[in-house]
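Below is one structure, written out as structure tokens; the observations come after it.
Numbering (full-length UniProt numbering), first residue to last: 1 to 635.
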């Protein structure tokens, strides 16, 4: 006998021997009136009639308990930012993972039995702790769930103690501080749990009886029962004797008996094929597996499924069945810790649970490549420690990888602003000494002069002369050699390419049969083609103005950012506003093209004439004029 409570001196812990049922509380009284005792599935019946004789119950319990016992349990400290730090060498985690918990079991064996009892015991599972003098667990024992129960207290005390019955029939009281109670809580009764066996009990019985009937039928030569008719009168004694000979039930099915006299036999029994045995077995299996939440592919039968379907079933098993089950277990192990720690299962090795994290890492890489997050932010998402350097904190635009500092002090370290109180010419030397840093750029205007020129974009009455006046009022610029092709030329080239894409995409949409369907421009393929109609062209889909506005802003922003030598947050905000102004102008151009398409279509112009009008739009002239209106080059 290895249970600590049953090894103690019986004179001290022994309770007064009375009926098994204590004085019923209000809770148990209400539930007792609602519950039909014929439907009860105590743990002994669940094991004997369910797990030990119905294959689907056995495999379901084995799959859930086996996966749970294979995972390591750990204690983690949850920081305010949500980061989880593993607490090393926790006594309980060490016990549960690989130590010997009692004289019969090690950690994985104990945890598999624990999970099995949680799934089968309607009272729940009771774990008694053996603690050392420091209050740390040094041993764990599973109390017999069928002979252990919580005892309600008096005067509003919901729990007085736990009571367990030993093999000798004597009852022992256990301090509730030494017992951990695991259960899937019942929605009405706080003193018991609820198990899948109670939901699938009828299907379990049906599956077993159908198989038993079929096996007995085959064992007894396949002859079912029927009606026996006897010529003449038969007294009561003879009738009872005949009834005893022809027994009832599955075990008596198909037996033959030899009798004297003139007898007639009428076969009235149902054959297994008449009972639709295959359908009955299939439905019972599906109901049992559904109650436990275990797909058939998880227990080893993936026939009739594609790889994707089997993978989806495995994902559903872990997310819908296993995670709630693991949560029940760690809730039982958790006590009221004041240090912000809790227990959890290490699911990092479960491949199906890492798909969401992998997808988030892919999304984060795309955001980093687009310049939306910094390298440190990506490392945090990917599970790496941040580097905490100016270059890893900065945002990097995709074209040219221009650094956008997220802190004012990082601008100097990135080499795109001179140190405070130094000669501006020293910024170039600082930039050249930074490995991987973005240089201030040759041929760029001074910091304050560039900002002033960018701000001119928002002055609707500003002219080129105003920009020149701003340059005269700006502090002296650094003397640098102008690079081949200034920022104006870069912006003009980028906007010209944007205009070319705009024209070609618009033409492709006009040529698309899908966008011409139900209009007069659709080329009929049959004598009566219902795809030809009188609807106007959908200019909203042919020329999506808002989409082109966004593309224009993304196209102009890198060239405008490269014109700002200061590199501070305010400078880049000014560049972003300038890019938005350019995007607004291009949206006006796109809107004009959309109006032209709609006007020509309404006027009866052919599709070739509309395409020619779109190709006639001089986007190159617009790009050149727009770049000149933005005084971003030091010329």
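C-beta: ideal position from N, C-alpha, C; glycine also.
The three-state secondary structure of residue 586, taken from DSSP, is helix. Check the Cα spacing between residue 538 and each of 152, 121, 516: the tightest is with 516.
Counting C-beta pairs with one atom in each stretch, the segment 102-117 and the segment 135-145 have three or more that are closer than 8 Å, which means they touch.
In this structure residue 596 touches residue 613 by the C-beta definition: roughly 6 Å separates them, less than 8 Å. Secondary structure of residue 85 (DSSP, three-state): strand. Residue range 55-70 is occupied by the alpha helix (DSSP H) that includes residue 64. Nearest neighbour of residue 374 by Cα position, chosen from 514, 407, 189, turns out to be 407. Residue 244 and residue 319 have their C-alpha atoms some 55 Å from each other. DSSP, read as helix, strand or coil, puts residue 333 in helix. Residue 548 and residue 589 have their C-alpha atoms roughly 10 Å apart.
Here residue 382 has 361, 364 as same chain residues with Cβ atoms under 8 Å from its own Cβ, once five neighbours each way along the sequence are excluded. DSSP links residue 161 through a beta bridge to 151. Looking at 289, 93, 609, the one whose alpha-carbon comes closest to that of residue 199 is 289.
For residue 158, same chain residues with a beta-carbon under 8 Å away, outside a window of 5 residues either side, are 152, 190 in chain order. Here DSSP, grouped into helix, strand and coil, assigns residue 187 to coil. One alpha carbon belongs to residue 167, the other to residue 173, and they sit about 15 Å apart.
When beta bridges are read from the DSSP output, residue 182 appears opposite 125. If you look at residue 343, you'll find it in the beta strand (DSSP E) that goes 341-345. Collapsing the DSSP output to three states places residue 73 in a strand. Take residue 311, set aside five residues on each side of it, and the residues of its chain with a beta-carbon closer than 8 Å to its own are 352, in chain order.
Residue 215 counts as exposed, since fewer than 16 other C-beta atoms from the protein chains shown sit within 10 angstroms of its C-beta. About 17 Å separates the beta carbon of residue 498 from that of residue 542, a gap too long to meet the 8 Å contact definition. When DSSP states are grouped into helix, strand and coil, residue 507 belongs to the helix group. Residue 124 places its beta carbon less than 7 Å from that of residue 181. Closest option to residue 169, judged by alpha-carbon separation, among 106, 148, 390: 148. Residue 40: not part of any alpha helix (DSSP H); DSSP gives it neither H nor E.
Taking a contact as a CB-CB distance under 8 Å, the pair residue 42 and residue 122 counts as one, their CB atoms being some 6 Å apart. Across the set 135, 156, 150, the C-alpha of 150 shows the shortest separation from the C-alpha of residue 165. Between residue 71 and residue 345, the C-beta gap is smaller than 7 Å, which places the two residues in contact. Contact annotation: the segment 233-240 does not touch the segment 323-336, with fewer than three C-beta pairs closer than 8 Å. Here residue 540 carries a helix assignment [DSSP, helix/strand/coil]. By the Cβ criterion, the segment 579-587 is not in contact with the segment 600-607, since fewer than three pairs of Cβ atoms, one from each stretch, lie closer than 8 Å.
For residue 173, no alpha helix (DSSP H) segment is defined; the enclosing uninterrupted segment is the beta strand (DSSP E) at 171-174. Taking residue 284 as the centre and dropping the five residues before and after it, the same chain places the C-beta of 203, 206, 207 closer than 6 Å to its C-beta, in chain order.
Residue pairing from DSSP places residue 519 in a beta bridge opposite 535.
Put simply, of 69, 80, 625 the residue whose alpha carbon is nearest the alpha carbon of residue 95 is 69.
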